[in-house]
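Written out below as structure tokens is the structure these notes cover.
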Amino acid sequence: KAGVTQTPRYLIKTRGQQVTLSCSPISGHRSVSWYQQTPGQGLQFLFEYFSETQRNKGNFPGRFSGRQFSNSRSEMNVSTLELGDSALYLCASSLADGTLPYTFGSGTRLTVV
Amino acid sequence: GIQVEQSPPDLILQEGANSTLRCNFSDSVNNLQWFHQNPWGQLINLFYIPSGTKQNGRLSATTVATERYSLLYISSSQTTDSGVYFCAADDYKLSFGAGTTVTVRA
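As given, the protein sequences belong to chains B and A, one line each in that order. For what it's worth, the working numbering labels the leading residue of the first sequence as 3, then goes sequentially. For what it's worth, the working numbering labels the leading residue of the second sequence as 2, then goes sequentially.
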């Protein structure tokens, strides 16, 4: 059974640009959630999508957005990148019924220069 | 939101030693997970343990939901156990603690 796949693994962008990250969940998982990890703030919840609808949202500015497709794959987009957006972005998938744990992908390491 | 506190922040062990990591959470949660973050950044699920005790090899975990804490035990530690251990409380999203950095010396 394939795990959670995140692409790309590494990304370097310039301030002001935008970026799109992709996450393919485990087959059958309908919930995809995104987390940001930085040395200063640790692991923080960005948002969760379930059946193409955003179900929960963390405390991040509107520059951070996401979407989920009918095949449960999800993308997150960050517009007008700032240096502080440099982080490891992790996505997790789950059945969202509480019976199985969240499974994380390997992450996308974004560097903004 | 739920606050999650982990202790100790850092732990240095000699190979073969046993250790206990603690996770306190501020409110009732649906579930509690323990993760080990590998050097490449991936969070590897160790335990999914809303309550009770589970064991997996040299690792075991206990969650006492009524008292809002969970413990992760590492027995006979090995250098490969080094890394950062996170607990995360599930309240329709995961709230993570700051982690415990474990260093096992040969």
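Think of the CB as a built atom: it goes at the ideal place given N, C-alpha and C, for glycine as much as any other residue.
Sort out for me which residues DSSP pairs residue i with in a bridge.
i, result
"G84/A", "V103/A"
"A4/B", "None, per the DSSP bridge assignment."
"F47/B", "Y37/B"
"R23/A", "S8/A, L72/A"
"L33/A", "A90/A"
"T55/B", "F52/B"
"L14/A", "V105/A"
"Q38/A", "L44/A, V85/A"
The beta strand (DSSP E) that contains residue i, what's its start and end?
i, result
"F62/A", "According to the sequence shown, residue 62/A is Ala rather than Phe. Segment 60-65, the beta strand (DSSP E) holding A62/A."
"K94/A", "It is not in any beta strand (DSSP E) - K94/A carries neither H nor E in the DSSP assignment."
"R65/B", "It is not in any beta strand (DSSP E) - R65/B carries neither H nor E in the DSSP assignment."
"V80/B", "76-80"
"V21/B", "21-26"
"G53/A", "53-57"
"A89/B", "89-96"
"R69/A", "Premise fails: R69/A is in no beta strand (DSSP E) and is neither H nor E."
"R111/B", "110-114"
"L102/B", "Premise fails: L102/B is in no beta strand (DSSP E) and is neither H nor E."
"L13/B", "12-15"
"I45/A", "44-49"
By alpha-carbon positions, which one of the options ends up nearest to residue i?
i, options, result
"R69/B", "Y51/B, V80/B, N58/B", "Y51/B"
"F47/B", "I75/A, P9/A, Q4/A, G17/A", "Q4/A"
"L103/B", "R111/B, R65/B, L90/B, V34/B", "A quick correction: the sequence has Pro, not Leu, at residue 103/B. When each option's Cα is compared against that of P103/B, the closest is V34/B."
"T64/A", "F26/A, G2/A, Q38/A", "F26/A"
"A62/A", "Y74/A, R69/A, N32/A", "Y74/A"
"G5/B", "R111/B, V115/B, F106/B, R57/B", "F106/B"
"N32/A", "T102/A, G2/A, P40/A, A66/A", "A66/A"
"Y70/A", "V30/A, L14/A, L12/A, G42/A", "V30/A"
"V105/A", "D11/A, T80/A, Y93/A", "T80/A"
"S108/B", "L92/B, V115/B, L97/B, S96/B", "L92/B"
"Q34/A", "E68/A, A90/A, E6/A", "A90/A"
"N19/A", "S96/A, G98/A, L60/A", "L60/A"
"N58/B", "R23/A, Y93/A, P9/A", "Y93/A"
"S96/A", "Q39/B, N79/B, L97/B, R65/B", "Q39/B"
"S67/B", "M78/B, N61/B, G60/B", "M78/B"
"D28/A", "F48/A, G2/A, G84/A, D11/A", "G2/A"
"S95/B", "T21/A, I45/A, D11/A", "I45/A"
Around the Cβ of residue i, are there at least 16 other Cβ atoms within 10 angstroms (buried) or fewer (exposed)?
i, result
"S78/A", "buried"
"I50/A", "buried"
"T126/B", "Outside the shown range of chain B (3 to 115) lies residue 126/B, about which nothing can therefore be said."
"G17/A", "exposed"
"Q15/A", "exposed"
"V114/B", "buried"
"G100/A", "buried"
"W41/A", "exposed"
"D82/A", "buried"
"A107/A", "exposed"
"D87/B", "buried"
"Q43/B", "exposed"
"G64/B", "exposed"
Does any residue of chain C bring its CB to less than 8 angstroms from the CB of residue i?
i, result
"L44/A", "Within the model displayed, chain C is absent; protein chains B and A are what it includes."
- Query: Using 8 angstroms as the threshold, is the segment 74-84 of chain B in touch with the segment 24-31 of chain B, meaning 3 or more CB pairs across them?
  - Reply: Yes, they touch.
- Touching by the beta-carbon criterion (3+ pairs, under 8 angstroms), the segment 50-57 of chain A and the segment 10-28 of chain B: Output reads no: the segment 10-28 of chain B does not touch the segment 50-57 of chain A.
- Task: Examine the Cβ distances between the segment 76-85 of chain B and the segment 17-26 of chain B and report whether three or more of them are shorter than 8 angstroms.
- Result: Yes: at least three Cβ pairs fall under 8 angstroms.
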